[in-house]
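The sequence shown: position 134 = 134 (this note's numbering), numbered continuously.
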Amino acid sequence: MNPKRNNNNFLLPALCLLLLGSCTNPPPAEETADYPDPAKNPSSKVMLRAEWVPDDPSQINFDSLPKVPGEHVVISDVRDRDGVNQHNYLIYHDGKFWAMWSDGPGVEDEVGQRVKFATSTDGLKWSEPEFMTPAPPNSGEDSEYYGTRSDKGFRWISRGFWLREGELLALASLDEAAGFFGPSLELHAFRWNPEQQGWEGLGVIYDNAINNFPPKKIPTGEWMTSRRPYDYKEKGVYFMVGGVEAIDQWESYPVLGSASELAAEEPLWWMLPDSNLMALFRDNRKGGYLYRSFSTDNGRAWSKPVQTDFPDATSKLHGLQLSDGRYVLVSNANPRKRDPLTLAISDDGMVFHKMGYLIGGRRVDYPYAMEHDGYLLVAFSGGKQSVELLRIKISDLESIKN
């Protein structure tokens with residue numbers, strides 16, 4: 001018997017099986033021709049890809065997604081007075097977590113709506129909510145238009161915290177409360193005064209603008225945030241770049257096609273590992289999927305928004321890049337209703353391969369997420385009448401095994 005020949009007889013079938021397996025398994029997602037690339041393939045629709053994802057991603061059983069463990073608290077609840085609480089934002093500054101949100105009478109964004117805030121040292125026990133903004137002009141509780149939708153009255157809308165040159169700023173829009181939005185639309189800034197323990201108004205930082213999330217820095221060192229003018233349904237959405245020399249010095253750049261290709265709403269953007277930028281949009285035409293656009297020149301020009309295969313309930317979404325390099329996207333991925341709130345994970349910020357269940361069984365929306373000291377904090381609204389928060393260990397994201 002020839003041992004060498006017997007070894008060959010054993011190895012040859014094994015090698016054939018190995019080669020057969022390599023031929024039948026799909027190549028890595030990055031190697032497929034339809035994979036997105038900001039410069040080479042910005043029109044790719046691929047945004048959710050994994051073996052567990054059905055051909056029609058809208059048919060995912062969202063209630064059966066892996067549950068992500070977390071601690072849950074309520075920061076504010078106005079159900080007893082039939083009020084509104086939404087547009088939640090978070091930041092960590094000066095040893096405390098800060099939350100801000102829109103607080104008003106009745107249905108969302110009516111005359112008299114203001115912005116409130118609260119603080120916490122651990123993200124679980126929160127101070128009593130206080131007003132950040134004054135009453136809108138001639139629109140206090142004594143106004144005949146208070147609690148109505150009218151162009152005779154005004155409202156504040158919470159727009160997020162901005163930590164700039166060591167100062168804690170908060171943004172809020174002001175406009176007439178008839179529709180979305182009034183022709184007097186302005187984006188205002190407020191500054192926290194630590195000595196007086198209160199907020200002071202800094203005035204208008206951009207006329208005819210409402211942002212969606214606070215400014216973040218791009219590779220040039222400039223700040224960037226989204227902008228919708230009052231007539232954005234006809235003109236589309238923009239991105240504002242600047243804010244370095246002064247908080248009111250910006251240039252505005254359009255996202256062409258954001259009004260014709262879709263009814264773009266509530267943009268979210270982040271920087272990719274190659275320093276290009278990616279933006280996501282909900283589509284108010286209720287197409288059931290997110291739209292995506294790329295910029296390869298620091299926000300000056302954007303590719304035409306393309307409908308992706310990532311399902312969406314026509315609802316606000318938020319996400320960020322974690323310190324470990326991964327990206328998380330918190331949204332209402334069920335296209336049929338704003339339930340549950342889900343969290344998806346991506347390695348490159350463009351294509352997501354995992355999705356978990358955060359909270360649901362009721363209407364939950366308007367998420368905002370931040371990372372701090374090994375935790376992911378997710379603020380959200382419960383039925384537009386409460387501000388709630390989940391504190392999740394980053395390590396517990398490993399429980400998402402689809």
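Glycine included, C-beta positions come from ideal geometry on N, C-alpha and C.
Keep in mind it's a predicted model, so treat the numbers as computed, not measured.
Exercise. Check whether the Cβ atoms of Ser76 and Trp98 sit closer than 8 Å, and answer yes or no.
Key: no
Quiz item: Does DSSP put Glu234 in a helix, a strand or coil?
Solution: helix
Practice problem: Under 7 Å Cβ to Cβ from Trp250, same chain only, skipping five residues before and after it: list those, please. | Solution: Tyr206, Met240, Val241, Gly242, Gly243
Exercise. Enumerate, from N- to C-terminal direction, the unbroken beta strand (DSSP E) stretches of 3 or more residues contained entirely within the stretch 169-230.
Key: 186-193, 198-207, 223-227
Practice problem: Would you grab the beta carbon distance between Pro311 and Tyr289 for me? Rounded to a whole angstrom, and I think it's under 8 Å. | Solution: 6 Å
Quiz prompt | Among Arg79, Gly153, Glu176, Ser44, the one whose alpha carbon lies nearest that of Ile210 | solution = Glu176
Quiz item: Mind checking Pro183: buried by the 16 CB within 10 Å criterion, or exposed?
Solution: exposed
Quiz item: By the 10 Å Cβ neighbour count, where 16 or more other Cβ atoms means buried, how is Trp52 classified, buried or exposed?
Solution: exposed
Self-check item: Rounded C-alpha distance that separates Glu167 from Ser64
Solution: 43 Å
Quiz item: In whole angstroms, what is the alpha-carbon distance linking Lys384 and Pro335?
Solution: 18 Å
Quiz item: Which residues does DSSP pair with Glu388 in a beta bridge?
Solution: Val74, Phe380
Self-check item: Same chain, Cβ closer than 7 Å to Asp56, neighbours up to 5 away in sequence not counted
Solution: none
Quiz item: For Asn88, does the count of other Cβ atoms within 10 angstroms reach 16, so buried, or fall short, so exposed?
Solution: buried
Exercise. Quick one: residues in its chain with C-beta nearer than 6 Å to the C-beta of Arg159, no 5 flanking neighbours on either side, listed in chain order?
Key: Leu171, Ala172, Ser173, Asn211
Exercise. Rounded to whole angstroms, what's the CA-CA distance from Asn8 to Tyr35? Just pull it up for me.
Key: For Asn8, the predicted model reports a pLDDT of 44, less than 50, meaning its position is unreliable; a value from the coordinates is still stated below. Taking the straight line joining both Cα atoms gives about 40 Å.
Quiz item: In angstroms, rounded to a whole number, what distance separates the CA positions of Pro403 and Ser252?
Solution: The structure shown does not extend to residue 403, since the chain is modelled only from 1 through 402, so no value can be given for it.
Quiz item: Can the beta-carbon of His93 be found less than 8 Å from the beta-carbon of Leu163?
Solution: yes
Quiz item: Counting Cβ pairs closer than 8 Å, one from the stretch 344-351 and one from the stretch 366-373, do we hit at least three?
Solution: no
Self-check item: Collapsed DSSP secondary structure at Gln86 in the structure displayed
Solution: strand
Exercise. Go through its chain and collect everything with a Cβ distance to Pro27's Cβ below 6 Å, but skip five positions before and after it.
Key: With a pLDDT of only 42 at Pro27, under the threshold of 50, the placement of this residue in the model should not be trusted; the figure read from the coordinates follows. No residues qualify anywhere along the chain.
Practice problem: Measure the C-alpha to C-alpha separation of Thr225 and Tyr238 and round it to an integer number of angstroms. | Solution: 9 Å
Practice problem: Select from Met271, Thr314, Gly287 the residue whose C-alpha is nearest the C-alpha of Gly299. | Solution: Met271
Quiz item: So, are the CB atoms of Ala333 and Phe161 less than 8 Å apart?
Solution: no
Quiz item: In whole angstroms, what is the alpha-carbon distance linking Ile359 and Glu398?
Solution: 17 Å
Quiz item: Ala39 to Lys45, Cα distance in whole Å?
Solution: 14 Å
Quiz item: At which residues does the beta strand (DSSP E) containing Leu290 begin and terminate?
Solution: 289-295
Quiz prompt | Any beta strand (DSSP E) of 3 or more consecutive residues that is wholly inside the stretch 269-335 | solution = 277-283, 289-295, 306-311, 318-321, 327-331
Quiz item: Which whole-angstrom value is the C-beta distance of Ser315 and Arg338, which I expect to be below 8 Å?
Solution: 5 Å
Practice problem: Can you grab the Cα-Cα spacing for the pair Met355 / Gly83, in whole Å? | Solution: 32 Å
Quiz item: What residues in its chain sit with their C-beta under 6 Å from that of Lys152, if we drop five residues either side in the sequence?
Solution: Tyr145
Quiz item: Going by beta carbon distance, what residues of the same chain come within less than 7 Å of Lys393, once the five residues before and after it are set aside?
Solution: Gly374, Tyr375
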